[in-house]
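Student: My numbering puts the first residue of the sequence shown at 54, with every later residue one more than the last.
Here a beta-carbon is modelled for each residue, glycine too, at the ideal position from N, C-alpha and C.
These numbers come from a predicted model, not from an experiment.
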Amino acid sequence: MKATGIVVEYNPFHNGHLHHAAKAKELSGADIVIAVMSGQFLQRGEPAFADKWTRTEMALSAGVDVVIELPYAFATAQASEFARGAIELLDAAGCSSFCFGSEQGTIEPFLNSLKLLSTERECYNQIIHDRIQTGISYPKALNDAYLTLTKGSEGYADLTKPNNILGYHYIEAAHKLSSPIKPLTIQRIGAGYHDPLEPGSAIASATGIRNAFFEGEELNQLSPYLPSSSIRLLERVHWEQQGFVDWQRFYPMLRFTILREGPKALSRFAEVTEGIENLIHEAAKRSETFDIFINRVKSKRFTRTRIQRMLTHIFTGYTHQEAQAAKHPEYIRLLGMTSHGRQYLNGQKKTIPLPIISRAADLTGNMGQLDIRASTLYLQAIGADSLKKEYTTPPIYLGESSDK
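#1: Measuring CA to CA, which of K235, E110, A378 and H373 is closest to G82?
#2: Pull up the DSSP beta-bridge partners for R386, would you.
#3: Which whole runs of the alpha helix (DSSP H) in the segment 237-304 are 4 residues long or more, in chain order?
#4: Candidates A259, Q240 and Y278: which alpha carbon is nearest G253's?
#5: Assuming I410 and L387 make a contact with CB atoms under 8 Å, what is their CB distance in whole Å?
#6: Out of T57, P65 and V60, point me to the one whose CA is closest to T260's CA.
#7: I'd like the list of long-range same chain contacts for L319, defined as Cβ closer than 8 Å, with 5 residues on each side in sequence excluded.
#8: Assess, as a yes-or-no matter, whether the segment 136-155 is touched by the segment 98-114 under the definition of 3 or more beta carbon pairs within less than 8 Å.
#9: Out of E122, A56, G69 and I218, which one is the CA nearest neighbour of G389?
#10: To the nearest angstrom, how far is it from the Cα of Q240 to the Cα of V120?
#11: Contact check, M54 vs Q396 under 8 Å by CB: the rounded distance?
#12: Starting from V60, follow its DSSP beta bridges and name the residues at the other end.
#13: What are the residues that DSSP puts in a beta bridge with C152?
#14: Can you tell me the Cα-Cα spacing of I435 and R302, whole angstroms?
#15: By the DSSP assignment, the alpha helix (DSSP H) with L451 in it spans what residues?
#16: Could you pull the DSSP bridge partners for T391 from this structure?
#17: Please look up how many angstroms separate the CB atoms of F151 and G58, rounded, as I've assumed it's under 8 Å.
#18: Quick check: the Cα distance between E156 and T213, rounded to an integer number of angstroms?
#19: Hey, would you say F267 sits closer than 7 Å to G220, going by beta carbons?
#20: Quick check on this structure: which residue in I449, I425 and S282 has the alpha carbon closest to the alpha carbon of P124?
#21: How long is the line joining the alpha carbons of G315 and A337, rounded to whole angstroms?
#22: Would C176 be called buried (16 or more neighbouring beta carbons within 10 Å of its own) or exposed?
#23: By alpha-carbon positions, which one of L451, L432 and I449 ends up nearest to K442?
#24: If the criterion is Cβ atoms closer than 7 Å, does the pair I458 and H67 meet it?
#25: Which value, in whole angstroms, describes the spacing of the CA atoms of T342 and A257?
#26: Tell me, which residues are paired with E100 by DSSP?
#27: Per DSSP, what kind of secondary structure is F322 in: helix, strand or coil?
#28: Spatial neighbours of E99 within its chain, please: CB distance less than 7 Å, with the 5 preceding and 5 following residues excluded, ordered by chain position.
#29: With DSSP as the reference, please indicate the residues paired to T372 in a beta bridge.
#30: Let me know if I405 comes out buried or exposed under the rule of 16 or more other beta-carbons within 10 Å of its beta-carbon.
#31: Could you pull the start and end residues of the alpha helix (DSSP H) that S171 belongs to?
#32: Please classify T369 as buried or exposed, where buried requires at least 16 other C-beta atoms within 10 Å of its C-beta.
#33: Are E62 and L113 touching if we call contact CB-CB under 7 Å?
#34: Please tell me whether P305 and A115 are closer than 7 Å, where the distance is taken between their beta carbons.
#35: Using the rule of at least 16 other Cβ atoms within 10 Å of the residue's Cβ for burial, across every protein chain shown, is F322 buried or exposed?
#36: Determine the direct distance from the alpha carbon of D104 to that of P447, and round the result to whole angstroms.
Next up, the structure:
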């Protein structure tokens with residue numbers, strides 16, 4: 054059987070994701086779709102809207118055949134590390150291709166950009182260094198350096214767009230891995246990454262859907278943008294955990310952790326640099342809500358996303374030392390599969406170079422223990438009935454997808 058891979062968060066799974074899974078299979082000619090999905094915490098430094106098992110079931114109900122968890126060390130990292138971990142897992146799982154949605158819509162500009170940055174790497178890095186010295190943020194320095202090298206040519210990918218940025222890093226990761234896995238892209242349709250809901254449109258951004266709910270929309274009012282299976286599963290998890298998850302729900306525990314640790318100890322945690330720990334500690338003392346807190350800390354130098362990743366690492370206790378040790382994925386953590394996915398994995402067992410883990414108890418290394426720690430803290434913060442859920446939840450199995 055032939056597999057294509059996708060890298061996802063499904064926060065939550067909406068009609069755009071349904072389109073992506075279907076087009077990935079169509080474009081690649083694959084028999085199954087394997088999704089590498091972030092666990093309880095996401096790349097932009099946020100706790101997931103719904104837990105990883107609910108999001109896995111959404112995916113399996115709507116066209117995905119296998120869901121693999123992207124370890125915390127990569128799921129919450131900057132774009133290049135996020136992409137590297139995901140592509141290494143898809144390569145290990147035997148995917149012949151991977152497919153990402155992009156604003157660009159065609160693959161050639163990404164390949165041109167890869168060639169340019171590979172040959173001009175020294176110049177590129179020097180421009181980034183010089184820009185950072187002026188006090189601008191790292192993402193802005195990257196963009197300035199890229200625009201300097203491309204000189205506005207239309208033959209290159211537009212790396213100011215969020216999906217294009219991740220897409221480029223996926224391709225770069227596959228190149229560095231010397232993997233035969235083939236990159237494919239489809240045009241992102243409908244709403245942009247941060248766009249609010251647009252009445253009359255079937256495809257909205259996950260950000261727009263989450264914001265609409267937190268602003269008072271009922272789940273049944275969001276049905277135009279979500280497969281019926283997603284609505285059903287979100288209704289279930291909403292009842293079980295008395296609402297959905299955002300930083301405000303986590304803020305009491307986060308604030309307690311910041312105040313208990315103190316500035317010196319905060320500097321131990323991944324991505325906390327340049328004395329920002331002092332501002333984080335001071336803001337926590339003065340801020341009763343997460344929104345007030347984050348607005349006191351973010352700046353042109355430290356973007357909201359960068360700050361949120363620091364806060365995620367503070368919350369989970371993820372240190373600089375642990376981050377430096379996380380070089381490559383060490384296992385394939387299976388979250389769920391369909392009957393076709395099971396058939397594929399059974400046929401690939403002997404050729405997959407990483408152990409396939411279906412029980413948390415088998416995660417014995419530091420990377421696996423970090424995944425367990427992060428998930429347990431997530432469950433604690435949402436008030437889950439059982440902190441043993443990470444250990445007791447088996448991979449989800451669905452015989453057939455319901456929304457293909």
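Tutor: For this structure:
#1: As a position in the sequence shown, residue 82 is number 29, starting the count at 1. The option with the nearest alpha carbon to G82 is K235.
#2: Working through the sequence shown from its first residue, we reach residue 386 at position 333. Beta-bridge pairing links R386 to E122 and I410.
#3: 259-267 and 281-293
#4: Residue mapping note: residue 253 aligns to position 200 of the sequence shown, counting from 1. For the residues A259, Q240 and Y278, the minimum Cα distance to G253 belongs to Y278.
#5: Residue 410 sits at position 357 when you count from the first residue of the sequence shown. Residue 387 sits at position 334 when you count from the first residue of the sequence shown. The Cβ separation is near 7 Å, so the contact holds.
#6: In the sequence shown, counting from the first residue as 1, residue 260 sits at position 207. Ranking T57, P65 and V60 by Cα distance to T260 puts P65 first.
#7: Along the sequence shown, one-based indexing puts residue 319 at 266. I311, V325, E330, I333, H334 and I367.
#8: no
#9: In the sequence shown, counting from the first residue as 1, residue 389 sits at position 336. Residue E122 is the option with its Cα nearest to G389.
#10: As a working note, residue 240 is residue 187 in the sequence shown. As a working note, residue 120 is residue 67 in the sequence shown. If you take the alpha carbons of Q240 and V120, they lie about 23 Å apart.
#11: For this step, residue 54 is matched to residue 1 along the sequence shown. For this step, residue 396 is matched to residue 343 along the sequence shown. With a Cβ gap of about 7 Å, M54 and Q396 count as contacting.
#12: The residue given as residue 60 occupies position 7 in the sequence shown. DSSP lists V89 as partners of V60.
#13: Position 99 of the sequence shown holds residue 152. In the DSSP output, where bridge partners are listed per residue, C152 has L237.
#14: Locating residue 435 in the sequence shown gives position 382, where the first residue counts as 1. Locating residue 302 in the sequence shown gives position 249, where the first residue counts as 1. Rounded to whole angstroms, I435 to R302 spans 7 Å at the Cα level.
#15: Position 398 of the sequence shown, counted from the start, is the residue given in the question as residue 451. Taken as a continuous stretch (DSSP letters only), L451 belongs to no alpha helix (DSSP H), being part of the beta strand (DSSP E) at I449 to L451.
#16: Position 338 of the sequence shown, counted from the start, is the residue given in the question as residue 391. Note: T391 sits in a beta bridge opposite L451.
#17: Walking along the sequence shown from the start, residue 151 turns up at place 98. Walking along the sequence shown from the start, residue 58 turns up at place 5. Rounded, the Cβ-Cβ distance is 4 Å, consistent with contact.
#18: Locating residue 156 in the sequence shown gives position 103, where the first residue counts as 1. Locating residue 213 in the sequence shown gives position 160, where the first residue counts as 1. The alpha-carbon atoms of E156 and T213 are separated by roughly 10 Å.
#19: As a position in the sequence shown, residue 267 is number 214, starting the count at 1. As a position in the sequence shown, residue 220 is number 167, starting the count at 1. No, the Cβ-Cβ distance between F267 and G220 is not below 7 Å.
#20: The residue you call residue 124 lines up with position 71 of the sequence shown. When only C-alpha atoms are compared, the closest one is I425.
#21: Taking the first residue of the sequence shown as position 1, residue 315 is located at position 262. Taking the first residue of the sequence shown as position 1, residue 337 is located at position 284. Rounded to the nearest angstrom, the two C-alpha atoms are 10 Å apart.
#22: Along the sequence shown, one-based indexing puts residue 176 at 123. Burial call: exposed.
#23: In the sequence shown, the residue the question calls residue 442 occupies position 389. Nearest of L451, L432 and I449 to K442, Cα basis: L432.
#24: Examination of residue 458 is not possible in this model, given that the chain is present from 54 through 457 alone.
#25: Numbered from its first residue, the sequence shown carries residue 342 at position 289. Numbered from its first residue, the sequence shown carries residue 257 at position 204. Answer to the nearest angstrom: the Cα atoms are 28 Å apart.
#26: In the sequence shown, counting from the first residue as 1, residue 100 sits at position 47. It is Pro, not Glu, that sits at residue 100 in the sequence shown. DSSP lists F94 as partners of P100.
#27: Sequence index remark: in the sequence shown, residue 322 carries index 269 (1-based). Three-state result, F322: strand.
#28: Position 46 of the sequence shown, counting from 1, holds the residue named residue 99. Cβ neighbours of E99 beyond the five flanking positions: W300 and Q361.
#29: As a working mapping, residue 372 is identified with position 319 in the sequence shown. F322, per the DSSP bridge assignment.
#30: Along the sequence shown, one-based indexing puts residue 405 at 352. Classification of I405: exposed, given that the 10 Å Cβ count is below 16.
#31: Residue 171 sits at position 118 when you count from the first residue of the sequence shown. Its alpha helix (DSSP H) spans residues E161 to T172.
#32: Within the sequence shown, numbered from 1, the residue matching residue 369 stands at position 316. With 16 or more Cβ atoms within 10 Å of its Cβ, T369 is classed as buried.
#33: Reading the sequence shown from its first residue, position 9 is the one you call residue 62. Reading the sequence shown from its first residue, position 60 is the one you call residue 113. It is not a contact, given that the beta carbons lie outside the stated cut-off.
#34: Counting from 1 along the sequence shown, the entry for residue 305 is found at position 252. Counting from 1 along the sequence shown, the entry for residue 115 is found at position 62. No, they are not a contact pair.
#35: Translated into positions along the sequence shown, residue 322 becomes position 269. Result: buried.
#36: Taking the sequence shown and counting its residues from 1, the one referred to as residue 447 is at position 394. Taking the sequence shown and counting its residues from 1, the one referred to as residue 104 is at position 51. Roughly 14 Å between the two C-alpha positions.
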